[in-house]
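Before any comments, here is the structure.
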Amino acid sequence: MYSVVLVDDEPWILKGIAQTFAWSEWGFQVIGAYSRSAMALDEILATRPDAVFTDIQMPGVSGIQLMEVLRQNGLDTEIVIISGFGQFEYAQQAIRAGAFDYCLKPLSEETSQSLLPRLKKRLDEKHAAMKGNPPEAVISEQEDDSDSTGFGRMLLYLNEHYQEQIQLKDLSQKFFFNKNYASALFKKHTGMTYSEYVNSIRINKAKELLVKTSLPVAEVAEKVGYTDYFYFNRIFKKITGVTPAGLRKGE
Numbered sequence: 053m054y055s056v057v058l059v060d061d062e063p064w065i066l067k068g069i070a071q072t073f074a075w076s077e078w079g080f081q082v083i084g085a086y087s088r089s090a091m092a093l094d095e096i097l098a099t100r101p102d103a104v105f106t107d108i109q110m111p112g113v114s115g116i117q118l119m120e121v122l123r124q125n126g127l128d129t130e131i132v133i134i135s136g137f138g139q140f141e142y143a144q145q146a147i148r149a150g151a152f153d154y155c156l157k158p159l160s161e162e163t164s165q166s167l168l169p170r171l172k173k174r175l176d177e178k179h180a181a182m183k184g185n186p187p188e189a190v191i192s193e194q195e196d197d198s199d200s201t202g203f204g205r206m207l208l209y210l211n212e213h214y215q216e217q218i219q220l221k222d223l224s225q226k227f228f229f230n231k232n233y234a235s236a237l238f239k240k241h242t243g244m245t246y247s248e249y250v251n252s253i254r255i256n257k258a259k260e261l262l263v264k265t266s267l268p269v270a271e272v273a274e275k276v277g278y279t280d281y282f283y284f285n286r287i288f289k290k291i292t293g294v295t296p297a298g299l300r301k302g303e
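Residue numbering for the sequence shown follows the working numbering, starting at 53 and increasing by one per position.
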């Protein structure tokens, strides 16, 4: 069983978190629930749990400060932030401090159902890595429906933001995936690498613009996310077998 500590300055919220998740079903055991963050910090340092679920805004030691102290003391505990504060700067601070996930109160049903499977997978990967097992083997054995759901949301996001310059490490962080794991999911579910998938979206959009509009090729390249016109031409021909101008002429 993986050990979990809960921290929130509101006792009724602590009770709600404890009752929301199917802890034992996914191999977790709550070993402590604390409404005083300073006391929680002492207990966490002493018991070294596998995961901590904590609020951010608390009197005394904030959730971010708690995370920083744990890291300074060498604890590799996975941190899940459950907060009523939706401002992006809080999420940024949590991610920079190494949070596994950032959830808003009240927890949605989707979040409560998908979080523990993802957290278990992360902990399984870490334990397997400590034993010397290759990450690829863990991925193939541990992937579950929640991963597919998260990966699906990642693809939807890419299809809406394909023209932006998004690195895989940034996208992975946004959807709380390990970069290497996200790379493996792209290969498994699309048969392509991340860059190949992005290029395929962009080139398909470019083909639509070339056929349906009279925009100059250079402008089409910009609209689908390519800042280098010659690179766009090269990728376009590699994927379609013709140049952008050739496609427009029907060659």
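Here a beta-carbon is modelled for each residue, glycine too, at the ideal position from N, C-alpha and C.
The model shown is predicted, which means the values in this text are computed figures rather than measured ones.
- Message: Rounding to the nearest angstrom, what Cα-Cα distance links Gly-115 and Leu-175 in this structure?
- Response: Looking at the two C-alpha atoms, the distance is approximately 21 Å.
- Query: For Asn-285, which residues from the same chain have a beta carbon less than 7 Å from its beta carbon, with the 5 sequence-adjacent residues on both sides left out?
  - Reply: Thr-295, Pro-296.
- Short Cβ contact (8 Å threshold) for Ile-83 with Thr-106: Their beta carbons are not under 8 Å apart, which means Ile-83 does not touch Thr-106 by this criterion.
- Message: Beta-carbon within less than 6 Å of Arg-300's beta-carbon, same chain only, minus the 5 sequence neighbours each way: which residues are those?
- Response: Apart from the 5 residues on each side of it in sequence, Arg-300 sits with its Cβ closer than 6 Å to the Cβ of Leu-262 in its chain, given in chain order.
- Query: Comparing alpha-carbon positions, which option in Asp-94, Ser-55, Asp-60 lies nearest Phe-80?
  - Reply: If we check each option's Cα against that of Phe-80, Ser-55 comes out closest.
- Item | 8 Å Cβ cutoff met for Trp-78 and Lys-172 | For Trp-78 and Lys-172, yes; Cβs fall inside 8 Å.
- Task: Please name the residue in Ser-235, Ala-180, Tyr-246 whose C-alpha comes closest to that of Asn-211.
- Result: Minimum Cα distance to Asn-211 is reached at Tyr-246.
- Query: Going straight from the alpha carbon of Glu-188 to that of Glu-130, what length do you get?
  - Reply: Residue placement at Glu-188 cannot be trusted, given a pLDDT of 41 that sits under 50; the coordinates are not used to answer.
- Message: Give me the residue from Gly-126, Gln-124, Asn-125, Leu-118 with the minimum Cα distance to Val-132.
- Response: For the residues Gly-126, Gln-124, Asn-125, Leu-118, the minimum Cα distance to Val-132 belongs to Leu-118.
- Task: Using the Cα positions of Gly-4 and Leu-223, report the straight-line distance between them to the nearest angstrom.
- Result: This structure cannot speak to residue 4, because the chain is shown only from 53 to 303.
- Residue range of the beta strand (DSSP E) that Gln-81 falls in? For Gln-81, the enclosing beta strand (DSSP E) stretches over residues 80-86.
- Could you give the C-beta distance for Phe-288 and Ile-253, rounded to a whole number, given that I count them as a contact under 8 Å? The C-beta distance from Phe-288 to Ile-253 rounds to 13 Å, too long to meet the 8 Å contact threshold.
- Query: Buried or exposed: where does Pro-268 fall if 16 or more other Cβ atoms within 10 Å of its Cβ makes it buried?
  - Reply: Counting the other CB atoms within 10 Å of its CB gives Pro-268 a total below 16, which places it among the exposed residues.
- Task: For Ser-266, count neighbouring C-beta atoms within 10 Å of its own C-beta (all shown protein chains included) and say buried if the count is 16 or more, exposed if not.
- Result: Answer is exposed; the Cβ neighbour count stays below 16.
- Query: Roughly how many angstroms separate the alpha carbons of Val-276 and Trp-64, rounded to a whole number?
  - Reply: For Val-276 and Trp-64, the distance between alpha carbons rounds to 49 Å.
- Going along the chain, which residues of its own chain have a beta-carbon closer than 7 Å to the beta-carbon of Ser-164, five neighbours each way excluded? The answer, listed in chain order, is Thr-72, Phe-73.
- Message: Just to confirm, is the Cβ distance from Ser-89 to Val-113 under 8 Å?
- Response: By the CB criterion at 8 Å, Ser-89 and Val-113 fall inside the cutoff.
- Item | Simplified DSSP assignment, three categories, for Thr-245 | Note: Thr-245 maps to coil in three-state DSSP.
- Message: Please state whether the Cβ-Cβ distance between Asp-153 and Met-110 is less than 8 Å.
- Response: Going by C-beta atoms, Asp-153 is not nearer than 8 Å to Met-110.
- Query: Can you list, in chain order, the residues of its chain whose CB lies under 6 Å from that of Lys-226, leaving out five sequence neighbours each side?
  - Reply: None.
- Message: I need the DSSP call for Gln-194, collapsed to helix, strand or coil.
- Response: Unreliable placement is indicated for Gln-194, whose pLDDT of 46 sits below 50; the coordinate value is still reported in the next sentence. Three-state result, Gln-194: helix.
- Can you tell me which of the three DSSP states Thr-61 falls into? It should be noted that the sequence gives Asp, not Thr, for residue 61. In this structure, Asp-61 counts as coil in the three-state DSSP scheme.
- Item | Closest by C-alpha distance to Leu-167, when choosing among Leu-207, Tyr-214, Phe-228, Gly-136 | The shortest CA-to-CA distance from Leu-167 to any of Leu-207, Tyr-214, Phe-228, Gly-136 is the one to Phe-228.
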